[in-house]
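Okay, so the sequence shown: first residue is 0 according to numbering that gives the first Met the number 0, each after it adds one.
A short write-up of the structure that comes next.
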Amino acid sequence: MFIYVLRRILYTVPIAIGVSLVCFALIHLAPGDPLSAIIPEGASPEMIAQIRTAYGFDRPLPVQYLKWLGHVVTGDFGTSIMTRRPVLSEVLPAIANTLTLAAAAVTFGFLLGCAFGVVSGYVAGTPTDRAVTAVSITGVSIPHYWLGMVLIVVFAVNLNLLPATGMGEGGSGSFGFGWDSLQYLILPALTLSVIPAGIIARSVRGTVAEVRKQDYMQTLYAKGLPGRRVFVHVVKNALPAVLAVMGLQLAQLLGGSILVETVFSWPGTGFLLNNAIFTRDLPMLQGTILVLAMFFVLINLLVDILQTAVDPRIKRA
């Protein structure tokens, strides 16, 4: 197990280098001058040259990349063009807020998806199975931003039950575990959870139906095991596939929440990315995407290790 974990960690090194190359290339592939947001209007060519030298844009690309990578390894992600603050000091609080939202969404999605998937898998081929499948496909097909606006209109505007935006009084604030904070989390988390719930339901449904067809399940019934213990065997065999889907969904939610965070003014990385795109704050954009990508890589590594711990056959494969 130790050798497997070590090998998986070493596999992430070239992936991390590739991710850093893509993030660095974003600055140079984006249309327009990356420094256009800070170059004063009517600036002389000498002043423009001085600004480009100050930010290192006058050097060859390989030199710029190695210098940028060296700073990143030491925790220096540059300075935001718009706020003049270190990028990392703004990204880390936003990451914490996005992780809170993504964890709540995946938890909602896991509970709903597993409930729908187990029921559908146990009654595969029946009208109930087809109804659950239709609900799951509908959930996967609904756009996040549209569902978010519908929930705001219904629960915040018409019923006045939950706040529409922000994560505290006045549209901002730190997150806690009391009702004062949780009430701000419900609508965005519910919006984000619909697609994971549909995907998890489809995955669990297929896995449960497949497991129930195996010969050993008939053997368990023939030995007279109660349905509760047979259900435990079904869940144990379906768990690795569910873990894989959950890990992928959590990783995708970290980067895919930009529209939901914008709709609900949730101060996470999606909200930060949206502001960075519209203000052309490329160091902020570059740093946020790099941190999100590294979280994606680490979550996939963690899921692989957890899958192997649950089902050792994966390691042998």
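For glycine and all other residues, C-beta sits at the position ideal for the given N, C-alpha and C.
| Asked | Found |
| --- | --- |
| Beta-ladder partner(s) of residue 78, from DSSP | 85 |
| Whole-angstrom C-beta distance between residue 203 and residue 340, which should lie under 8 Å | Nothing can be reported for residue 340: it is not among the residues displayed for the chain, which extend from 0 to 316. |
| Which listed residue (60, 40, 263) has its alpha carbon closest to that of residue 21 | 60 |
| Residue 10 (DSSP reduced to helix, strand or coil) | helix |
| Coarse secondary structure for residue 214, derived from DSSP in three states | helix |
| Among 217, 287, 262, the one whose alpha carbon lies nearest that of residue 268 | 287 |
| Sequence-distant residues of its chain with Cβ nearer than 6 Å to residue 272 (five each side left out) | 257, 287 |
| Pairwise C-alpha distance: residue 56 and residue 46 | 14 Å |
| Proximity to residue 274 [Cα-Cα], best of 89, 62, 227 | 89 |
| Contact the stretch 181–192 vs the stretch 94–110: 3+ CB pairs below 8 Å | yes |
| Residue range of the alpha helix (DSSP H) that includes residue 67 | 60–72 |
| DSSP three-state assignment for residue 195, whether helix, strand or coil | helix |
| Boundaries of the alpha helix (DSSP H) in which residue 45 is found, first to last residue | 44–53 |
| Residue 5 versus residue 296: straight-line alpha-carbon distance, rounded | 15 Å |
| Close-in-space but distant-in-sequence residues of the same chain around residue 236 (CB under 6 Å, 5 per side omitted) | 210 |
| C-alpha distance - residue 178 paired with residue 12, whole-angstrom precision | 42 Å |
| Same chain, Cβ closer than 6 Å to residue 113, five either side skipped, listed in chain order | 203 |
| contact_flag[the stretch 209–225, the stretch 258–265] where n(CB pairs < 8 Å) is 3 or more | no |
| Residue range of the alpha helix (DSSP H) that includes residue 145 | 143–150 |
| C-alpha distance - residue 330 paired with residue 239, whole-angstrom precision | Here the chain covers residues 0 to 316 and nothing more, so residue 330 does not appear. |
| Extent of the continuous alpha helix (DSSP H) to which residue 264 belongs | Segment: none, residue 264 is in no alpha helix (DSSP H) and carries neither H nor E. |
| Inter-residue spacing [alpha-carbon to alpha-carbon] between residue 266 and residue 201 | 31 Å |
| Beta carbon of residue 165 nearer than 8 Å to that of residue 183 | yes |
| C-beta contact flag for residue 187 and residue 291 at 8 Å | no |
| Residue 318 versus residue 86 - alpha carbon distance | Because the chain in this structure spans residues 0 to 316, residue 318 falls outside the shown range and cannot be described. |
| Proximal residues to residue 154 (C-beta, below 7 Å), its chain only, five neighbours per side dropped | 160, 161, 186 |
| Spatial neighbours of residue 18 in its chain, beta-carbon cut-off 8 Å, leaving aside the 5 residues before and after | 289, 292, 293, 296 |
| Alpha-carbon spacing of residue 195 relative to residue 15, whole angstroms | 26 Å |
| Same chain, Cβ closer than 7 Å to residue 67, five either side skipped, listed in chain order | 23 |
| Close Cβ partners of residue 224 (< 6 Å) along its chain, the five nearest in sequence each way excluded | none |
| Span of the alpha helix (DSSP H) around residue 136 | 126–140 |
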